[in-house]
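S.K.: After the structure tokens below, expect a handful of questions from me.
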Amino acid sequence: MKKYLLSFLILLIVEIAIAVFHFHPFVRGFLGDVLVVLLLFSFLKLFFSIASEKLAIGILLFAFTVELLQFFDLVETLNIQSKLLRIVLGSVFDWWDLLAYTVGTVIIFVFEYRNSLKQ
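The numbering of the sequence shown is my numbering, which starts it at 9 and goes up by one.
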């Protein structure tokens, strides 16, 4: 539990820094998306005792769904005005985002596997 809280807090600070400061487009556009998967995973592990593999796949499917909604321009179709909702849902589809979410999920699998070997 402590490791998920610590990783959540560190990832949250990093994601806020990426959003606030003007980093290289790779950091903001790709690395930020990799880290958001880890952030969601760490946050949800604090509250739910779901198997890590199932949770990671669920987060990946959620991220892919959000990206698919961007492909169909849901924000504009529904005329969403809320700035927060526009940020959460995003408005630009990018194939690289799908790769970033997948990389984040693979990182989760690697870390969780390594942690299971230590126990």
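We put the beta carbon where it would ideally sit given N, CA and C, even for glycine.
1) DSSP three-state label for L18, please.
2) Using C-beta distances below 6 Å, list every residue in its chain close to F16, excluding the 5 sequence neighbours before and after it, in chain order.
3) From F101 to F117, what does the alpha carbon distance come to, in whole angstroms?
4) Smallest Cα separation from F70: which of K91, S60, L48?
5) Around the Cβ of L76, are there at least 16 other Cβ atoms within 10 angstroms (buried) or fewer (exposed)?
6) Find out if the Cβ-Cβ distance for the pair L68, G112 is shorter than 9 Å.
7) If you draw a straight line from the alpha carbon of L20 to that of L54, how long is it in whole angstroms?
8) Starting from V123, trace the alpha helix (DSSP H) both ways and give me its first and last residue.
9) Relative to the C-alpha of I18, which residue among V28, W104, L46 is closest?
10) Here's the rule: buried if 16 or more other CB atoms are within 10 angstroms of the residue's CB, otherwise exposed. What is L43?
M.R.: Reading off the structure:
1) A small fix is needed here, since residue 18 is Ile in this sequence, not Leu. I18: helix per DSSP, three-state reduction.
2) So the list reads S50, F51, once near-sequence residues are dropped.
3) Per the coordinates, the alpha-carbon of F101 lies some 26 Å from the alpha-carbon of F117.
4) Of K91, S60, L48, the residue nearest in Cα terms is L48.
5) L76 comes out exposed.
6) Contact: yes.
7) Within the model, the alpha-carbon separation for L20 versus L54 is close to 14 Å.
8) The sequence shown places Asn at residue 123, rather than the Val named in the question. Run containing N123: 103-126, per the alpha helix (DSSP H) assignment.
9) Closest by alpha carbon: L46.
10) With 16 or more other Cβ atoms within 10 Å, it is buried.
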